Structure formats: C-alpha cells, structure tokens
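> Residue numbers (the numbering used here), protein chains in the order written: chain A, 26 to 354; chain B, 26 to 354. Cβ coordinates follow ideal geometry from the N, Cα and C atoms, glycine included. None of the values given here were measured: they were computed from a predicted structure. Could you have a look at this structure, given as structure tokens, before my questions?
Number of protein chains: 2
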Amino acid sequence: MSSTAKFMLMAQPSAPAIPHAEVLERWAAELRAEFEDLEVVIAVTDEEILKQLSDADAAYGVLPKGWHAPQLRWLQAPMANPPLGYFTPELAAHPVIVTNMRGVYNDHIATHVMAFLLALARGLPHYAHDQRNREYRRGVAPVLHLAHSTVLFIGAGGVAHQAARYLQPWGPRIVAVDARPETTSGGAIDAVFGTDNLEAQLPLADAVVMTVPHTPDSEGMLGRRQFALMKPTAVFINIGRGMTVVLGDLVDALEAGQLAGAGLDVFDQEPLRPDHRIWTLPNVLITPHVAMVGPDIDQRRFDLIADNCRRLLAGEPLQYVVADKILGF
Amino acid sequence: MSSTAKFMLMAQPSAPAIPHAEVLERWAAELRAEFEDLEVVIAVTDEEILKQLSDADAAYGVLPKGWHAPQLRWLQAPMANPPLGYFTPELAAHPVIVTNMRGVYNDHIATHVMAFLLALARGLPHYAHDQRNREYRRGVAPVLHLAHSTVLFIGAGGVAHQAARYLQPWGPRIVAVDARPETTSGGAIDAVFGTDNLEAQLPLADAVVMTVPHTPDSEGMLGRRQFALMKPTAVFINIGRGMTVVLGDLVDALEAGQLAGAGLDVFDQEPLRPDHRIWTLPNVLITPHVAMVGPDIDQRRFDLIADNCRRLLAGEPLQYVVADKILGF
Numbered sequence: 026m027s028s029t030a031k032f033m034l035m036a037q038p039s040a041p042a043i044p045h046a047e048v049l050e051r052w053a054a055e056l057r058a059e060f061e062d063l064e065v066v067i068a069v070t071d072e073e074i075l076k077q078l079s080d081a082d083a084a085y086g087v088l089p090k091g092w093h094a095p096q097l098r099w100l101q102a103p104m105a106n107p108p109l110g111y112f113t114p115e116l117a118a119h120p121v122i123v124t125n126m127r128g129v130y131n132d133h134i135a136t137h138v139m140a141f142l143l144a145l146a147r148g149l150p151h152y153a154h155d156q157r158n159r160e161y162r163r164g165v166a167p168v169l170h171l172a173h174s175t176v177l178f179i180g181a182g183g184v185a186h187q188a189a190r191y192l193q194p195w196g197p198r199i200v201a202v203d204a205r206p207e208t209t210s211g212g213a214i215d216a217v218f219g220t221d222n223l224e225a226q227l228p229l230a231d232a233v234v235m236t237v238p239h240t241p242d243s244e245g246m247l248g249r250r251q252f253a254l255m256k257p258t259a260v261f262i263n264i265g266r267g268m269t270v271v272l273g274d275l276v277d278a279l280e281a282g283q284l285a286g287a288g289l290d291v292f293d294q295e296p297l298r299p300d301h302r303i304w305t306l307p308n309v310l311i312t313p314h315v316a317m318v319g320p321d322i323d324q325r326r327f328d329l330i331a332d333n334c335r336r337l338l339a340g341e342p343l344q345y346v347v348a349d350k351i352l353g354f
Numbered sequence: 026m027s028s029t030a031k032f033m034l035m036a037q038p039s040a041p042a043i044p045h046a047e048v049l050e051r052w053a054a055e056l057r058a059e060f061e062d063l064e065v066v067i068a069v070t071d072e073e074i075l076k077q078l079s080d081a082d083a084a085y086g087v088l089p090k091g092w093h094a095p096q097l098r099w100l101q102a103p104m105a106n107p108p109l110g111y112f113t114p115e116l117a118a119h120p121v122i123v124t125n126m127r128g129v130y131n132d133h134i135a136t137h138v139m140a141f142l143l144a145l146a147r148g149l150p151h152y153a154h155d156q157r158n159r160e161y162r163r164g165v166a167p168v169l170h171l172a173h174s175t176v177l178f179i180g181a182g183g184v185a186h187q188a189a190r191y192l193q194p195w196g197p198r199i200v201a202v203d204a205r206p207e208t209t210s211g212g213a214i215d216a217v218f219g220t221d222n223l224e225a226q227l228p229l230a231d232a233v234v235m236t237v238p239h240t241p242d243s244e245g246m247l248g249r250r251q252f253a254l255m256k257p258t259a260v261f262i263n264i265g266r267g268m269t270v271v272l273g274d275l276v277d278a279l280e281a282g283q284l285a286g287a288g289l290d291v292f293d294q295e296p297l298r299p300d301h302r303i304w305t306l307p308n309v310l311i312t313p314h315v316a317m318v319g320p321d322i323d324q325r326r327f328d329l330i331a332d333n334c335r336r337l338l339a340g341e342p343l344q345y346v347v348a349d350k351i352l353g354f
C-alpha cells in the first residue's frame with residue numbers, strides 16, 4: 026500500500042549540518058531512482074523553499090523564518106541533536122512529525138566516550154602532561170579500576186546505550202538517569218532512574234558521562250552543587266552539549282580536587298577561547314567537538330533519509346522521531 | 026591425598042617485584058594457617074637462602090647465584106614476565122617447574138592497551154598536543170574506525186586474549202601471531218598464526234599490538250623492515266618489553282609517515298632518557314611502564330601463590346607454568 030508524496034531537500038548554503046550541493050544532488054537522484062512515487066526537489070534560497078513548502082509533504086533541512094506548510098507531515102532535521110533554536114513555537118504547534126539523525130553517529134560518539142573514559146582510568150592526561158616536559162615519572166596518575174566502578178550516564182539515549190555495550194566486558198555497574206526512564210531502560214544499562222534521581226546517584230558514581238541535549242531543562246544542569254556531590258576520585262566526561270555544564274564551576278571543582286579528572290568534547294562557548302583556565306589543567310583532556318567524526322557519515326545520513334522516505338510512502342512509523350517538539354528530543 | 030612440603034619465600038630487599046617485608050610476613054602467616062602440611066620459611070640474605078634451598082621443595086622469588094637445590098620441585102617467579110636473566114642455564118637444566126605471575130595483571134595491562142588503542146583511534150595524542158598550545162582545531166587527527174579494522178596482536182598470551190575480549194564489541198577482525206599458535210588459539214581472537222607469518226600479517230593490520238616477552242628470539246623483532254611493511258594509517262602499541270622494538274627505527278618510521286601513531290609503555294632503555302627524539306612527536310603517547318598498575322595486585326599475587334601451594338600439596342598440576350625454561354615463557 027503506497028501513496029505519492031513530495032519531498033524537499035532544503036539546501037541553504039549557510040545552514041548547519043547540510044552536506045555540499047553535489048552530495049544533495051546525488052541524494053536526490055538516488056531517491057528518485059529508488060522511489061517512483063516520491064517527487065524530490067532541491068531548493069536553495071529561502072524564497073524558493075517558502076514557495077515549495079506550500080505543497081510539500083516532507084522536507085529535509087532547516088525551516089526558514091516565516092514558513093507556512095499546510096501539507097507538511099514529516100520534517101527530517103539534518104542534525105543528530107538539533108540545537109534549541111531549531112524547535113520554534115510554530116514548529117511545536119504544527120502537527121508535522123520531526124525526526125532527527127541521532128542514530129547516525131552513535132558508534133563514533135560512544136567510542137569517543139570510551140577513549141576518554143579509558144584514558145582517564147589509566148591516567149593518560151597526567152602522562153601526556155609529563156610527556157611534554159620529557160618527564161618519565163611513575164605514581165603521578167591514579168588508576169580507576171572499572172571492574173569495581175559505577176559508571177553513571179546522564180541521558181540514556183543511543184550514545185549511552187552504545188557506550189554501555191562497549192563498556193560491558195569490563196564488568197562495571199552501569200546506571201543512568203533520564204527524563205524518560207520508562208522508555209530508555211534495558212540493554213547494557215543495569216538501571217535507568219528519573220532525572221530527579223541525579224543528586225542521589227552522583228555520590229555513588231566513579232565516572233559520570235554527560236550525554237544530554239541542550240534543552241531549557243538541561244541548561245546548566247551540572248554546576249557547583251552537583252560537582253560537590255561527586256567522589257573526589259571520580260572522572261567526568263561531557264560528550265553532549267556544552268551549555269549543560271557550568272564550565273567555570275567544573276574548573277573550580279577540578280582545581281579544588283573535588284573531581285579526579287575530566288574529558289570534554291563540548292564547551293559553553295565554542296571554539297573554547299585560548300585564555301580559558303581549563304586548557305592547562307593536568308587532569309583534563311580537551312577535544313574540539315569531534316566526537317561525531319568518523320567514516321561513512323554522509324552515506325549513513327542518506328540511508329536514514331531513504332529509510333524514512335520508504336516508511337512515509339508505505340505508511341509505516343518513521344524512525345528517530347523527536348518525541349517532544351518543545352523539549353526538542 | 027596430600028603430602029608435606031617446605032616452601033621458602035626468598036625476600037632479598039634488592040630483588041625486583043618482591044613485596045615489602047610486612048606483606049611477606051602476612052603471606053607466610055596466611056599460608057601456615059591455610060596449609061598445615063606446608064612448612065613456610067622466609068629467608069632474606071643470600072647465605073640464608075642458599076642454606077634453606079638444600080632441603081626446600083618449593084620457593085618464591087629470585088634464586089641467588091651459586092644455588093643448589095636437590096629437592097626443589099617448584100619455583101614461583103615473582104614477575105608476570107621474568108626478564109631474560111631469570112632463566113639461567115642452571116635453571117633450564119634443573120628439573121624444577123617454574124611458574125610465573127602472568128595472570129595477575131592481565132586486566133590492567135589489557136585495559137592500558139585499550140586506552141592506547143582508543144586514544145589513537147580518536148586522535149587524542151594530536152588533541153593533547155594542541156591542548157598544550159591552547160589550540161582548538163578540528164581536522165588535525167585521523168580517525169581509525171575499529172569496526173572496519175584489523176587488529177594484529179604479536180603474542181597471543183593472556184594480555185592479548187583479554188584485550189581481544191574488551192575489543193570484541195567494536196567488531197574488528199582480531200588476529201595474532203604467536204610462537205605457539207596451536208596452544209594459544211581461540212577465545213576472542215579470530216585467528217592465530219605462527220610467528221613466521223608476521224611479515225605477511227603486518228601489511229594487513231590497522232593496529233599492531235606488541236605483547237611478547239623479551240627472549241633471544243624476540244629481541245629487536247620489530248625494526249625498520251617491519252615498520253616499512255605497515256600501513257601508513259596504522260597505529261602501533263608496545264605493552265610488552267622495550268627490547269623487542271628497535272626504538273630508533275620506530276621514531277624514523279613515525280617521522281617518515283610510515284605509521285600514523287604509537288602508544289608505548291616500554292622502551293629499550295628505561296627510564297626513557299629526557300633527550301630522546303620520541304618525547305615530542307605529536308602522534309605518540311608515552312607512559313612510564315605502568316600498564317600493570319592497578320588495585321589488588323598483592324592480594325592477587327598471594328591468591329596465585331596459595332593456589333599453587335594447594336596444588337603442590339595435592340599433587341595437582343601447577344598454574345602458569347613456564348613451558349620453555351630456555352625461552353623463558
């Protein structure tokens with residue numbers, strides 16, 4: 026049972042996370058070849074996009090201001106984790122189903138989490154610091170023995186579940202807190218609690234891994250009070266969004282020895298400014314928002330879009346639906 | 026069915042890998058309490074050790090020069106991987122069974138391997154280098170996607186097998202070369218080849234992990250010729266013994282781009298001298314022979330010794346036997 030539909034690729038050159046024009050042309054050609062009931066158009070200017078939206082059933086990309094789309098049933102966001110501004114009040118009020126690309130990078134991001142976690146567990150930041158000073162010194166770095174540890178994920182989404190699968194052979198206790206514990210439990214995570222359980226879980230954790238998106242609820246979710254609750258031997262990783270952590274409070278906690286170390290891929294301001302205090306801490310690893318980098322990303326994005334096109338035409342449920350268009354995840 | 030036996034703890038203060046005197050006293054007391062048929066003595070000076078060896082059935086530690094032990098049936102080495110000098114011609118000629126402590130550190134060392142491997146896979150050495158310069162730059166570090174990779178272990182002992190178990194969830198192809206492929210196959214390693222297969226396997230590997238002990242056969246096993254066979258995108262890890270790698274040749278290969286990066290815990294001369302060229306390479310991680318560091322080591326050593334004491338008294342096969350007292354492993 027299938028219907029016909031019009032699908033627009035919105036290709037503003039300035040929009041984030043949209044591939045180059047040649048890639049979009051190839052995607053359009055492949056979609057046309059695969060789905061004869063799908064009309065595929067590419068629009069580049071806001072004017073053209075606004076016009077095409079008047080009768081589009083589905084669209085990929087970032088909606089321009091002033092959009093009006095009476096028939097729009099499906100909007101595919103180009104990001105794994107669209108920023109707060111993507112979810113406007115107009116979008117929340119519209120019946121359109123929004124999907125994101127959250128599955129596309131899970132393995133890369135979860136591998137980055139594991140690289141941070143094992144590096145911190147084996148003291149690599151301290152040794153990297155000594156390496157720059159040509160110092161061969163033992164006893165400078167504490168060891169975190171994962172088999173005896175509790176790892177706490179804040180946010181039990183795809184990244185946390187994939188990281189938990191990687192982590193399982195070490196045998197730690199793996200727990201999470203999540204805004205929707207009832208739908209995110211299971212897999213390699215031993216227990217998922219509600220987010221209101223965060224402050225009860227923090228003092229029990231040997232490693233805390235922040236994976237949550239930036240929402241009004243998560244902004245500044247970890248600050249002075251939360252870092253003070255952690256074990257002084259615990260390590261902290263932020264792989265989600267920089268705005269969820271009060272970075273100055275984290276630096277204070279690290280300098281005061283309230284935490285043993287940190288691995289950070291995201292920051293409240295990116296790029297991280299050169300004069301920030303955090304650059305020189307000996308127990309911190311900094312990477313420049315690259316956890317999602319890895320091979321095959323454009324192909325995986327296309328596969329996700331093509332699968333959702335097939336589902337749209339077949340009347341099947343779409344994949345990677347944003348459950349709450351106000352919260353944005 | 027049990028017999029009686031005399032077991033000596035050789036506790037020369039200068040011997041490597043022997044715990045503090047108080048620890049040995051506690052071990053002796055615990056062994057006496059557990060095994061009423063075991064006579065346990067501690068000897069500290071060479072003179073005392075030589076005297077006690079005249080009627081000892083078993084001993085833990087390092088034999089002094091000029092030893093003579095007509096009744097010795099079991100010698101427990103205090104190291105996971107005793108150095109070449111431990112296995113003297115006299116020891117090889119004696120019927121005593123030598124055991125080592127190779128199981129005791131496997132999880133710690135394999136975790137260190139994984140910390141190096143994931144750090145290299147995600148470009149952390151490059152970012153650590155940039156961090157010291159307060160540079161927030163993307164695109165400086167290649168990504169090694171483990172799911173599409175072949176990981177080659179040189180030496181398929183306990184460390185390699187444990188690392189392979191940790192590595193399995195990423196889904197790489199895992200192979201090894203080993204001097205005894207027939208007895209080291211299986212587990213999480215997909216295939217173990219003979220050491221004569223090394224040069225055929227090197228060009229196929231995306232990561233090469235050196236885990237072999239230092240023996241006459243393994244000294245300088247990897248040098249200019251072998252590094253030239255590796256992929257320019259491959260990473261190299263040495264977690265075994267420094268003398269198995271010609272370090273100058275490795276630096277040349279890294280500087281020439283014949284390899285993408287390295288993680289090294291052991292060096293041909295330790296401590297690594299401050300003026301060595303390798304300290305400043307941006308794609309290298311250096312740790313000061315600490316892969317075995319972790320909690321519970323003294324307890325694990327004791328448990329291994331106590332288990333072998335039980336086996337000796339019960340006439341059961343000992344654990345962690347050194348199969349070849351000339352090669353030393």
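Listed in chain order, which residues of the segment 302-319 of chain B have Cβ atoms closer than 7 Å to some Cβ of chain E?
You won't find chain E in this structure, because its protein chains are A and B.
> Pick helix, strand or coil for L297/B, following the three-state DSSP scheme.
Three-state result, L297/B: coil.
> Flag this pair as yes or no: are the beta carbons of L149/B and G86/B separated by less than 8 Å?
Taking 8 Å as the Cβ cut-off, L149/B and G86/B do not qualify as a contacting pair.
> May I ask you to list, following chain order, the residues of the segment 272-299 of chain B that have a beta carbon less than 8 Å from some beta carbon of chain A?
Of all residues in the segment 272-299 of chain B, E295, P296, L297, P299 have a Cβ within less than 8 Å of some Cβ in chain A.
> For E235/A, which three-state DSSP category applies?
Sequence check: residue 235/A is Met here, not Glu. Correct three-state label for M235/A: strand.
> Between L100/A and the rest of its own chain, which residues show a CB-CB distance below 6 Å, the 5 nearest in sequence each way excluded?
Same-chain partners within the cutoff: A84, V121, V123.
> So that I know if they touch, is there some Cβ in chain B lying closer than 8 Å to that of W195/A?
Closer than 8 Å: yes.
> Whole angstroms are fine: how far does the CA of A339/B sit from the CA of M26/B?
Low per-residue confidence applies at M26/B: pLDDT is 44, beneath 50, and the placement is therefore not dependable enough to give any value.
> When DSSP builds the beta bridges, which residues end up paired with F32/B?
Its beta-bridge partners are V65/B, A83/B.
> Does the beta-carbon of R249/B have 16 or more other beta-carbons within 10 angstroms, so that it is buried, or is it exposed?
By the 10 Å Cβ count, R249/B comes out exposed.
> Helix, strand or coil: which one does DSSP assign to T355/B?
With chain B covering only 26 through 354, there is no way to say anything about residue 355/B.
> For A118/A, is the beta carbon positioned less than 7 Å from some heavy atom of the ligand ATP?
As presented, the structure is devoid of all ligands, the ligand ATP included, so that no description of it is given.
> Does the pairing of the segment 194-212 of chain B with the segment 150-165 of chain B give three or more beta-carbon distances under 8 Å?
Not touching, per the Cβ criterion.
> What residue from L227/A, T258/A, T240/A has the CA that sits closest to H170/A's CA?
Among L227/A, T258/A, T240/A, the Cα nearest to that of H170/A belongs to T258/A.
> Are D231/A and V176/A closer than 8 Å when you measure CB to CB?
Yes. Within cutoff.
> How close, in whole Å, do the beta carbons of T220/B and V233/B come, if the pair is a contact with beta carbons under 8 Å?
Actually they are not in contact, since the Cβ atoms of T220/B and V233/B sit about 14 Å apart, beyond 8 Å.
> Check V217/A in the structure and name its three-state DSSP category.
In the structure shown, V217/A sits in a strand (DSSP, three-state: E or B).
> Mind pulling the chain A residues with CB within less than 7 Å of Y161/B?
Here the neighbours are P296, L297, P313.
> Does any CB atom of chain A fall closer than 8 Å to the CB of V184/B?
No, because no Cβ of chain A sits closer than 8 Å to the Cβ of V184/B.
> So L289/B is in the alpha helix (DSSP H); what residue range does that whole segment cover?
Element bounds for L289/B: not the alpha helix (DSSP H) but the beta strand (DSSP E), 286-289.
> Flag this pair as yes or no: are the beta carbons of N131/B and N106/B separated by less than 8 Å?
Not a contact, by the Cβ cut-off of 8 Å.
> Any idea what DSSP makes of L247/A, helix, strand or coil?
L247/A falls in the strand class under three-state DSSP.
> Is V270/A buried or exposed, if buried means 16 or more other CB atoms sit within 10 Å of its CB?
Classification of V270/A: buried, given that the 10 Å Cβ count is 16 or more.
> With 8 Å as the threshold, decide whether the Cβ of H170/B is near any Cβ in chain A.
At least one chain A Cβ lies under 8 Å of H170/B.
> Under 8 Å between beta-carbons, which chain B residues line up against H137/A? List them in chain order, please.
Within chain B, the residues near H137/A are R147.
> From what residue to what residue does the alpha helix (DSSP H) around N131/B run?
131-146 is the extent of the alpha helix (DSSP H) around N131/B.
> Quick check on L337/B: does DSSP put it in helix, strand or coil?
Correct three-state label for L337/B: helix.
> Here's a check: name, in chain order, each residue in its chain whose Cβ is nearer than 8 Å to the Cβ of M104/A, leaving out the five neighbours to either side.
P41, A42, Y111, N125, M126.
> Rounded to the nearest angstrom, what separates E61/B and W92/B at their Cα positions?
Each residue's Cα considered, the two are about 27 Å apart.
> What is the DSSP secondary structure of F60/A, counted as helix, strand or coil?
Note: F60/A maps to coil in three-state DSSP.
> Under 8 Å, do V168/B and V318/A count as touching if we go by C-beta distance?
Taking 8 Å as the Cβ cut-off, V168/B and V318/A qualify as a contacting pair.
> Can you check whether the CB of P194/A is closer than 8 Å to the CB of R163/B?
Cβ atoms of R163/B and P194/A: not closer than 8 Å.
> Measuring only the C-alpha atoms, how far is P313/A from P296/A?
Each residue's Cα considered, the two are about 7 Å apart.
> Using the Cα positions of R336/A and Q344/A, report the straight-line distance between them to the nearest angstrom.
Whole-angstrom Cα-Cα distance: 8 Å.
> Give the secondary structure of N263/B by DSSP, where H, G and I count as helix, E and B as strand, and everything else as coil.
In the structure shown, N263/B sits in a strand (DSSP, three-state: E or B).
> With the cut-off set at 8 Å, would you say V260/A and M246/A are in Cβ contact?
Not a contact, by the Cβ cut-off of 8 Å.
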